[in-house]
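Student:
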Amino acid sequence: MYNRARIGELLVRRGDVTEADIERALVTQRDKGGLLGEVLESMGVATPAQVCAALAEQLDYPLAIELDIERVDLTLLSRLQLGFCRDNHVLPVERDGDVILVATDDPLNMEVLDEVRFLLREEVAPLVTPAPILVSAINLAFERKSRLIDSGIEDFDEENAPVVDEEGVDIKDLIEAGDDDEAPVIRFVNSLFVQSVRERASDIHVEPGDKDLNVRFRVDGVLKMVAAPPKRFHSSIVTRIKIMAGLNIAEKRLPQDGRIRVKIAGKDIDVRVATAPMVHGERITMRLLDKSAMVLDVKGIGFQPDQLESIMKLIHQPHGIILVTGPTGSGKTTTLYSCLSEINSPDQNIMTIEDPVEYQLGGINQMQVNAKIDLTFAMGLRSYLRHDPDVIMVGEIRDEETAKMAIQASLTGHLVFSTLHTNDAAGAFTRLMDMGVEPFLVSSTVIGALAQRLVRRLCPDCKSPYRPSPTELGEIGLTEADLDSRTAKGMIYRPSEAGCATCVGLGYKGRLGIYELLDVTDPIKRLVMDRSDSGRIKAQGEREGMRSLREDGALKVLQGSTSIAEVIRVTSQGAGEDMATMGSGGQDVTI
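Using the numbering used here, read the sequence shown as starting at 1 and increasing by one per residue.
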């Protein structure tokens with residue numbers, strides 16, 4: 001039965017807004033037009049969920065504040081396209097007797113509902129759903145429909161495969177790609193990209209064996225098997241990926257590198273493709289870079305408050321060298337980008353030279369090295385010094401020439417950021433000296449060294465509390481007294497064995513950094529001048545209050561962010577990981 005009360009009255013009655021909010025919204029509505037609910041949302045006094053709940057009560061329609069994707073009947077999507085559902089905010093969900101419930105955030109838009117009724121050729125009824133929940137559900141539902149990782153390739157006829165002469169993939173949404181007019185291998189490759197984005201994978205590995213073909217994803221730094229298509233389709237899959245990446249499909253003896261740009265669920269994804277000849281055929285590794293998932297905020301990547309204070313002081317120095325160390329994929333690039341974003345302003349001339357340029361940063365001049373024309377880090381850095389920079393980022397110091405150019409840039413009044421491959425912060429000093437840089441130059445220019453690793457973040461929805469044994473605590477340098485004084489009820493967390501939908505059954509979702517920050521004090525400078533080894537430098541840093549990587553990881557265990565096993569895994573001697581993502585709060589940060 002239709003409720004004659006107005007939306008504003010219902011929202012006030014429900015306690016969602018006040019009478020004063022309604023009066024202000026009515027004034028805005030008179031000036032600018034629009035529905036009252038939309039005006040209240042734009043003012044920030046009512047949420048989409050609150051407006052939808054009042055609308056459902058007013059019209060006596062069913063309400064769905066959340067939509068379970070498993071509840072969506074995928075057969076109902078066969079007559080609808082993703083673009084139509086996304087543009088009109090409608091999603092057929094399930095049958096309810098003789099009608100189909102259609103999720104919508106605007107149940108009064110009868111024109112769209114009539115169009116859905118015509119397309120489905122059945123009666124429909126609105127299911128009132130907030131717009132943010134609805135848009136996400138539409139994307140996820142069509143992902144499920146189009147995902148063909150475990151099937152859809154068996155009917156491929158390799159001998160009669162169509163010849164594809166395109167130079168690159170059309171930048172249309174892969175979820176929206178139809179199934180009827182595409183070869184199964186094309187659908188299979190598209191579905192690889194779709195599922196990899198859904199599972200937050202950073203890499204896709206296509207690996208041929210003697211008699212089999214394996215496809216694996218790297219999710220939060222750990223590889224997992226996702227598919228094993230028949231080996232006879234290996235050549236066709238590789239050819240399809242090469243065509244998309246603009247590579248030479250006839251060259252199978254040499255490694256090749258290329259790029260693919262695809263759109264998945266409205267997100268633009270850059271894919272770096274690398275091929276390599278193996279004993280049993282070419283393997284392909286694809287690195288996925290989702291710009292929308294990268295949050296460049298130095299305050300949100302895992303620094304403890306005291307570390308953050310020290311980092312902020314360092315990055316606002318007028319000159320000097322700041323080094324970030326760690327193995328490949330430990331998050332160094334994201335840390336550098338976050339620092340640059342923090343100091344980026346119109347009065348700063350910031351220039352970077354990278355290999356490759358992974359993300360383009362507004363207001364920052366970026367150069368990519370090119371070995372084919374001898375454009376090296378050292379050459380780019382030498383060129384930059386003639387362009388009046390304030391801040392320079394060098395992607396990596398690999399050789400003596402680059403190291404000495406970075407030292408020279410610092411001595412001439414520039415702030416220089418760079419990375420080194422060392423296991424800890426103290427190792428940065430000895431590595432520079434091993435490259436041939438004089439100790440007095442190292443001690444007078446390096447103002448800070450940061451070592452880091454990435455640990456997987458426990459899934460917030462399914463992590464389970466428990467009390468660890470004293471032996472387990474001792475492995476990361478904690479005691480039961482630490483547990484009782486720093487945690488609620490003496491409990492920490494570990495991943496759920498079964499996982500949940502949020503973490504795709506893994507128990508972890510996203511990653512965050514653990515850090516070892518060494519400030520260069522006078523005692524540290526004296527040790528560097530004396531060519532002391534990294535052990536003595538590290539010991540002095542710890543006497544001055546520096547936390548080791550494992551100690552910082554232990555703090556994050558006590559804070560409930562990660563597990564003991566995860567900290568031990570990544571802080572073992574020489575531990576290293578591939579690039580992936582790290583989470584900040586509810587966000588994922590692509591590294």
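Ideal Cβ placement from N, Cα and C applies to all residues, glycine included.
Comparing C-alpha positions only, which one of Ile397, Val39, Thr333 sits nearest to Gly8?
Tutor: Position 8 of the sequence shown, counted from the start, is the residue given in the question as residue 8. The shortest Cα separation from Gly8 among Ile397, Val39, Thr333 belongs to Val39.
Student: Considering only the beta carbon of each residue, do Thr419 and Gly395 sit closer than 9 Å?
Tutor: For the purposes of this step, residue 419 is taken as residue 419 along the sequence shown, with counting starting at 1. For the purposes of this step, residue 395 is taken as residue 395 along the sequence shown, with counting starting at 1. Against a cut-off of 9 Å, the Cβ pair of Gly395 and Thr419 comes out as a contact.
Student: From what residue to what residue does the beta strand (DSSP E) around Ile321 run?
Tutor: Taking the first residue of the sequence shown as position 1, residue 321 is located at position 321. That run of the beta strand (DSSP E) goes 320-325.
Student: Does the distance from the C-beta atom of Met393 to that of Thr352 stay below 9 Å?
Tutor: Here residue 393 refers to the residue found at position 393 when the sequence shown is read from its first residue. Here residue 352 refers to the residue found at position 352 when the sequence shown is read from its first residue. Cβ distance < 9 Å, so Met393 and Thr352 count as in contact.
Student: When you compare only the Cα positions, how much space is there between Lys145 and Leu74?
Tutor: Numbered from its first residue, the sequence shown carries residue 145 at position 145. Numbered from its first residue, the sequence shown carries residue 74 at position 74. Their backbone Cα atoms lie some 6 Å apart in a straight line.
Student: Excluding the five sequence neighbours on either side, which residues of its own chain have a C-beta within less than 8 Å of the C-beta of Val442, listed in chain order?
Tutor: Here residue 442 is taken as the residue at index 442 of the sequence shown, counted from 1. Only Ile407, Phe429, Leu432, Met433, Val528 meet the Cβ criterion.
Student: Would you list the one or two residues that DSSP bridges to Ala141?
Tutor: Translated into the one-based positions of the sequence shown, residue 141 becomes position 141. According to DSSP, Ala141 bridges with nothing at all.
Student: So what's Gln304 in DSSP terms, helix, strand or just coil?
Tutor: In the sequence shown, counting from the first residue as 1, residue 304 sits at position 304. Coil at Gln304, not helix or strand.
Student: Suppose the cutoff is 8 Å on Cβ atoms and the five residues either side in sequence are ignored; what does the same chain contact list for Ile598 look like?
Tutor: In the structure as shown, the chain begins at 1 and stops at 591. Residue 598 is therefore absent and cannot be evaluated.
Student: In this structure, does DSSP put Lys211 in helix, strand or coil?
Tutor: For the purposes of this step, residue 211 is identified with residue 211 of the sequence shown, where counting begins at 1. In the structure shown, Lys211 sits in coil (DSSP, three-state: anything other than H, G, I, E or B).
Student: DSSP three-state call for Tyr61: helix, strand or coil?
Tutor: Here residue 61 refers to the residue found at position 61 when the sequence shown is read from its first residue. Note: Tyr61 maps to coil in three-state DSSP.
Student: Could you check what DSSP says for Val135 in three-state terms: helix, strand or coil?
Tutor: The residue labelled residue 135 in the question sits at position 135 within the sequence shown. Residue state, collapsed to three classes: helix.
Student: Once DSSP output is grouped into helix, strand and coil, what is the label at Glu551?
Tutor: Reading the sequence shown from its first residue, position 551 is the one you call residue 551. Looking at Glu551 - three-state DSSP - the assignment turns out to be helix.
Student: If I measure Cβ to Cβ from Arg536 and keep anything under 7 Å in the same chain, skipping five residues before and after, which residues do I get?
Tutor: The residue you call residue 536 lines up with position 536 of the sequence shown. Counting only Cβ-Cβ distances below 7 Å, and skipping sequence neighbours, we find Leu527.
Student: Going by alpha carbons, who is nearest to Met110 out of His205, Pro126, Leu101?
Tutor: Locating residue 110 in the sequence shown gives position 110, counting from the first residue. Among His205, Pro126, Leu101, the Cα nearest to that of Met110 belongs to Pro126.
Student: According to DSSP, is Lys372 part of a helix, a strand, or is it coil?
Tutor: As a first step, residue 372 is located in the sequence shown; it is residue number 372 there, counting from the start. Here Lys372 sits in helix by DSSP.
Student: Closest to Gly258 by C-alpha separation, out of Ile264, Thr571, Met244, would be which residue?
Tutor: Here residue 258 refers to the residue found at position 258 of the sequence shown. Here the closest residue by C-alpha is Met244.
Student: Straight-line CA distance for Leu512 to Gln81?
Tutor: The residue you call residue 512 lines up with position 512 of the sequence shown. The residue you call residue 81 lines up with position 81 of the sequence shown. Each residue's alpha carbon lies about 37 Å from the other.
Student: My guess is that Val324 and Ile311 are in contact by the Cβ rule of under 8 Å, so how many angstroms apart are they, rounded?
Tutor: Against the sequence shown, residue 324 aligns to sequence position 324. Against the sequence shown, residue 311 aligns to sequence position 311. Between Ile311 and Val324 the Cβ distance is about 10 Å, and since that is not below 8 Å, they are no contact.
Student: Could you pull the start and end residues of the alpha helix (DSSP H) that Glu544 belongs to?
Tutor: In the sequence shown, the residue the question calls residue 544 occupies position 544. Glu544 -> no alpha helix (DSSP H), and no H or E assigned at all.
Student: Just the Cα atoms here: how many angstroms apart are Ala201 and Asp290?
Tutor: The residue given as residue 201 occupies position 201 in the sequence shown. The residue given as residue 290 occupies position 290 in the sequence shown. Those two C-alpha atoms are separated by around 10 Å.
Student: Buried or exposed for Lys242, going by 16 or more other Cβ atoms inside 10 Å?
Tutor: Taking the sequence shown and counting its residues from 1, one reaches residue 242 at position 242. So Lys242 counts as buried.
Student: Taking only the alpha-carbon atoms, compute the straight-line gap between Glu70 and Glu94 and give it to the nearest angstrom.
Tutor: Here residue 70 corresponds to residue number 70 of the sequence shown, with the count starting at 1. Here residue 94 corresponds to residue number 94 of the sequence shown, with the count starting at 1. Glu70 and Glu94: Cα-Cα distance of roughly 11 Å.
Student: Determine whether the beta carbon atoms of Asp519 and Leu314 lie at a separation below 9 Å.
Tutor: Start at 1 with the first residue of the sequence shown, and residue 519 comes out as number 519. Start at 1 with the first residue of the sequence shown, and residue 314 comes out as number 314. Yes, these two residues count as a Cβ contact at 9 Å.
Student: Taking all protein chains shown into account, do 16 or more other C-beta atoms lie within 10 angstroms of the C-beta of Lys372, making it buried, or fewer, making it exposed?
Tutor: As a first step, residue 372 must be located in the sequence shown, where it is residue number 372. Under this definition Lys372 is an exposed residue.
Student: Nearest-angstrom Cα distance between Asp212 and Asp203?
Tutor: To locate residue 212, count along the sequence shown from 1; it is residue 212. To locate residue 203, count along the sequence shown from 1; it is residue 203. Roughly 20 Å between the two C-alpha positions.
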